[in-house]
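Below is one structure, written out as structure tokens, with a few remarks after it.
There are 2 protein chains.
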Amino acid sequence: MKSPVEELEAKGKAAKAASRRLAYLSAEVKNKALHNISDDLLAKKGEILAANQIDYLEGEASGMSAAMLDRLMLSESRLGAIAQDVLAVAALPDPVGDIFDMRTLPNGLQVGKKLVPLGVIGAIYESRPNVTIGIAALCLKSGNAVILRGGKEAIHSNSALAKLVQEAVIGAGVPDGAVQFIDNTDRALVDRLLEMNDIINLVIPRGGAGLIRFVSERATMPVVSGGIGVCHTYIDQSADVAKAVAIAFNAKVQRPTVCNALDSLLIHADIAERYLPLVAAEWAKAGVEMHCDKRALAILKSQPSLKLVPATDEDWGKEFLSLVAAVKVVASLDEALEHIERYGSGHSEAIITEEYQAVMRFLNEVDAACVYANASTRFTDGGQFGLGDEVGISTQKLHARGPLGVKELTTYKWIIFGSGQVRP
Amino acid sequence: MKSPVEELEAKGKAAKAASRRLAYLSAEVKNKALHNISDDLLAKKGEILAANQIDYLEGEASGMSAAMLDRLMLSESRLGAIAQDVLAVAALPDPVGDIFDMRTLPNGLQVGKKLVPLGVIGAIYESRPNVTIGIAALCLKSGNAVILRGGKEAIHSNSALAKLVQEAVIGAGVPDGAVQFIDNTDRALVDRLLEMNDIINLVIPRGGAGLIRFVSERATMPVVSGGIGVCHTYIDQSADVAKAVAIAFNAKVQRPTVCNALDSLLIHADIAERYLPLVAAEWAKAGVEMHCDKRALAILKSQPSLKLVPATDEDWGKEFLSLVAAVKVVASLDEALEHIERYGSGHSEAIITEEYQAVMRFLNEVDAACVYANASTRFTDGGQFGLGDEVGISTQKLHARGPLGVKELTTYKWIIFGSGQVRP
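Okay, here's the thing in structure tokens:
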């Protein structure tokens, strides 16, 4: 009998073997497979919900928080939404095989680049079982084999969903082995997975900061990680105050637990007395706690019903993931740029201003995956940017930056058509 | 007084500070700086050649091989060629600032991508002093700051060249600190450099396999490495024999010490008896030693004056970097594809055939940076592909594959022009 590590290695080899054929599978076959997944999510909802119920009851029994239980729970309507998302991935254009930059050199060689899948993607994720379907669908669409490793808390749901995917795609003509699922939740298998750089071309961790750090430190293959977003919104002296209030409110409050939510609000001194009381009053309605520097505190302290806390050094550069914002009054655009340079995590940064030169400087000078003028940082998202679903948001500079969609799971190879050329 | 490590850290900080301004420096200023470098290489040739003479004499005294001494040596004509190469980089289009994929979303947000430099590049290289100029020029053109660390054997030449570059670029308006040179050859500084992932965005090792392995294993930031090329040329049954002989001869003999030279020759069994004696006779004139499998040996053994050695398992997948080739007769295109899949290093692979379907299968199925039909693998080179000079050849899949030119030293950021949009 195979040991769990040997089983994992066999899954890796099977994924690699499948990836060779997956690489040039037609869009037709891949889309058929996605439609099969979507259909089966509805047809087999009984099995999936029953498996999910086991996870839910175990979570409840182990004292999981209501928020966590909510993330874990599947329902008929949630399955319907997941099935719809798979159809949306099927409807995306297939980038694989695109040939570009093709040209004829003076010696007659025809040289160009062809978009190809990366090969085998490893996905390590937590909690929401829909990630099993979402990542499998994006990998399939982009012609990659995938090895899925979900969290212990959703093992029954994930196992059932992975089995569904495996059966659905083989029916469409996808090579056996293209979708692998690790059904053993032993942490040692993750350690081994992260060593398999002869098999896995890219690892994507999706979850909390702890998971991302663990994977980044241990992985011996490239990791595209992000997830950590320390996002600033800078209110310039010439901002339209109404827009600036609405944007800061949206960026902080609309979904405070995610990486593209506002963490620090910077305000030009010349507009701070007009602007701060208004945004503070709006934020207060939503229960936002403000960690203010001295100048912001001086402006706001007489205002009743605000949750004000004097800011400490640790508030700058902190990702709050909750209804807390750091607030700082700055003397100039330059000071704002320097603050962002120092404390930003390279995720999403915004300026709110009506002054043209301030926009152009901010967009030029801020070094982040997504740089906004006059909009909420909450738009940093593959779906919002029109990429379809995303496997994550990269704050790295190499390969791909910002939301990672189907195309970001590909690479290229040079193809050269010759007629006997040799190098002189 | 600062310790060498503190000095290195100060150089890193200076490079990072410079990179912020370099990122949006105009092409005009950068090209002016490159012209200054080119001019100074001619104007200051006396100083440079004097410094090079010290390295040369030290190398000679320490028993350096003639080949190594030749790589180390500069001359007036070599300086002239280097100066010309710098002008060629200046003449390349500047990709930085290119805006692409820009579109207006239904909510009115204008979203697109803008090409920006990576930031700070670390370059660790050996022997040839021209690399100091070559990498500095490509980094400058692409708006990156650079920290150069050349080999001990060329320290005087590299110091003089780095000083020349630093002076030349400041005269053009490039920010101070953009080009850093580590003038201390203590290995401990390389260790520290490879830890500076808060400063350095990408490290490029350029040299032998030992250097590349060392840097890849130690670096805490992304490394683009390649250099190791186990290159196959497969002679299909329908190959044009004359072309196939000329291509294999060129790929093995024209410059055997480089990564894109032929290592293994695979021949379809149906053409082996016609083809092998011809290529062997040509190779013999150049002194090529052939490590043959049994079938190849049987065909060639009666031929006089060949250097034949029975192949061992270690010959497959070996980068020879010399006038040695592994030779194997295969039963089919499939066997060739499987052999390349197993033993290739993902660098450059070629098929020689007149059959259309064989070309299409080979280009589709071989997973390598550069896949050729009917041409010599020796063309894998930034200059040959029209990228201008190259900083190296990547055999990785992420970010960039194959020759790395100016554009491959950039990344992009998303830029978003809004008018008050918030996420619903």
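Each protein sequence line maps, in turn, to chains A and B. Here the working numbering is used: the first residue of the first sequence is 303, the next is one more, and so on. Here the working numbering is used: the first residue of the second sequence is 303, the next is one more, and so on. All C-beta atoms in this analysis are idealised placements derived from N, C-alpha and C, irrespective of residue type, glycine included. Since this is a predicted model, take the numbers as computed values, not measurements.
- Taking the Cα of residue 589 of chain B as reference, the smallest distance to any Cα among B/579, B/595, B/703, B/624 is reached at B/624.
- Relative to residue 613 of chain B, the option among B/478, B/604, B/598, B/702 whose CA is nearest is B/598.
- Straight through space, the alpha carbons of residue 719 of chain A and residue 415 of chain A are spaced by roughly 11 Å.
- Contact of residue 524 of chain B with chain A by beta-carbon distance below 7 Å involves 700.
- For residue 664 of chain A, the uninterrupted alpha helix (DSSP H) segment begins and ends at 658-667.
- With respect to chain A, the C-beta atom of residue 664 of chain B has no partner C-beta closer than 7 Å.
- Close to residue 425 of chain B, with beta-carbon spacing below 7 Å, lies no residue of chain A; the smallest spacing is near 16 Å.
- Secondary structure in the region 331-364 of chain B: the alpha helix (DSSP H) runs of 4 residues or longer, each lying completely within the stretch, are 347-363 in chain order.
- The three-state secondary structure of residue 326 of chain A, taken from DSSP, is coil.
- Residue contact with chain B for residue 645 of chain A: absent (no Cβ-Cβ distance below 7 Å to any residue of chain B).
- Cα atoms of residue 556 of chain A and residue 489 of chain A: separation of roughly 35 Å, rounded to the nearest angstrom.
- Counting C-beta pairs with one atom in each stretch, the region 496-513 of chain B and the region 459-470 of chain B have fewer than three that are closer than 8 Å, which means they do not touch.
- Inclusion of residue 715 of chain B and residue 673 of chain A in the CB contact set at 7 Å is warranted, their separation being smaller than that value.
- At a C-beta separation below 9 Å, residue 655 of chain B has no neighbours in chain A, since its nearest C-beta there lies roughly 11 Å away.
- Distance from the CA of residue 696 of chain B to the CA of residue 703 of chain B, rounded to the nearest whole angstrom, comes to 5 Å.
- Taking a 10 Å sphere around the C-beta of residue 486 of chain A, we find fewer than 16 other C-beta atoms and assign the residue as exposed.
- In this structure residue 324 of chain B does not touch residue 439 of chain B by the C-beta definition: roughly 14 Å separates them, more than the 8 Å allowed.
- Non-local beta-carbon contacts of residue 376 of chain B in its own chain, meaning distances under 7 Å to residues more than five positions away in sequence, involve 350, 351, 354, 431, 459 in chain order.
- Annotation for residue 722 of chain A: no residue places its beta carbon closer than 7 Å to its own, counting only its chain and skipping 5 residues before and after.
- Looking at the backbone, the Cα of residue 587 of chain B and that of residue 626 of chain B are separated by about 13 Å.
- Membership of residue 507 of chain B in the beta strand (DSSP E) is indicated by the continuous run 504-508.
- The distance from the Cβ of residue 574 of chain A to that of residue 631 of chain A is about 5 Å, consistent with a contact at the 8 Å cut-off.
- Considering only beta carbons, the part of the region 691-722 of chain B lying closer than 9 Å to chain A consists of 698, 699, 700, 701, 702, 703, 704, 705, 713, 714, 715, 716, 717, 718, 719, 720, 721, 722, in chain order.
- For residue 696 of chain B, the secondary structure class from DSSP, reduced to helix, strand or coil, is strand.
- In summary, no residue of the region 560-573 of chain B has a CB separated from any CB of chain A by less than 7 Å.
- DSSP lists no beta-bridge partner residue for residue 614 of chain B.
- Shown here, residue 370 of chain A sits in a helix according to DSSP, grouped into three states.
- Flagged as an interface residue toward chain B: residue 674 of chain A, by a C-beta distance shorter than 7 Å.
- Beta-bridge analysis with DSSP links residue 677 of chain B to A/723.
- In the three-state reduction of the DSSP assignment, residue 424 of chain B falls in the strand class.
- Listed along chain A, the residues sitting closer than 7 Å to residue 678 of chain B by beta-carbon distance are 723, 724, 725.
- Not a single CB atom of chain A sits nearer than 7 Å to the CB of residue 539 of chain B.
- In terms of beta-carbon proximity, residue 333 of chain B stays away from the interface with chain A, with every pair separated by 7 Å or more.
- With a cutoff of 7 Å on beta-carbon distance, residue 605 of chain B and residue 572 of chain B are scored as not near each other.
- Between residue 592 of chain A and the set A/643, A/617, A/576, the nearest pair of CA atoms involves A/617.
- Residue 605 of chain A carries a coil assignment under DSSP once its states are collapsed to helix, strand and coil.
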